[in-house]
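Visitor:
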Amino acid sequence: MDCLMISSRVAAFVDGELESCECERFVLHIETCDPCTQIVIQIEAQRFSPLSADQRRSICERGAFWGEMDTELNGHLDALVVAPVGPWHRRRVGLPVPMVVAYAAAILLAVVWGVQQQERAQLAELASEHLGQQLEKERRLAAQPGVITPPVSGDGSYKVVTYAPERASF
Ligand SMILES: [Zn+2]
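First residue of the sequence shown? That's 2 in this note's numbering, and the numbers climb one at a time after it.
(1) I'd like the span of the alpha helix (DSSP H) that includes Leu-5, first residue to last.
(2) Taking C-alpha atoms, which residue in Ser-129, Gln-39 and Arg-10 lies nearest to Glu-25?
(3) Spell out a yes or no on whether the stretch 26 to 36 and the stretch 57 to 71 are touching, meaning 3 or more CB-CB pairs, one atom from each, closer than 8 Å.
(4) Glu-137 by DSSP, collapsed to three states: which one?
(5) To the nearest angstrom, how far is the alpha carbon of Ala-106 from that of Pro-99?
(6) Could you give the first and the last residue of the continuous alpha helix (DSSP H) run that contains Cys-24?
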């Protein structure tokens, strides 16, 4: 048994709930390990008395028990969200206000940055698509300069088309 195991089983040991072989290994370890002995001594010093089966039943099987647990838990969660007034170190539960604000700001920044990146990516995609179309047009013009028939307008007359490529850096 190692120190990690000891710390996770110490409560069961103090309550006398370890199986005999596990208990033996537990004792073997703490006999040779001073830090673990100290942990056991500290836990024992708190004099927890394990609940009897009857006590457990009367406390945990009360109809209101889980409702009360919920209320208690929600109270703690509310305290995390709505930070009460006063210096943060005096509060039992809760993050200091500046930290909550910083978290919120960080999340907001991350979201805004993500949206901007997405917009930029879409713009870049559009631009490269446009460039690709222009290049394709130019390639066709260069390959078959004689075959191109200018577009004909409604009255049958030829329409002069001037092609002026945009200034671009490619
Ligand atoms: Zn140990």
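Here a beta-carbon is modelled for each residue, glycine too, at the ideal position from N, C-alpha and C. Here the structure is a predicted model, which is why all the values come from computation and not from measurement.
Guide: Here's the rundown:
(1) Where Leu-5 is concerned, the enclosing alpha helix (DSSP H) stretches over 4 to 15.
(2) Relative to Glu-25, the option among Ser-129, Gln-39 and Arg-10 whose CA is nearest is Arg-10.
(3) As far as the Cβ criterion goes, the stretch 26 to 36 does not touch the stretch 57 to 71, which means the pair count is below three.
(4) Here Glu-137 sits in helix by DSSP.
(5) Going by the C-alpha atoms only, they are around 10 Å apart.
(6) In the DSSP assignment, Cys-24 falls within the unbroken alpha helix (DSSP H) covering 21 to 33.
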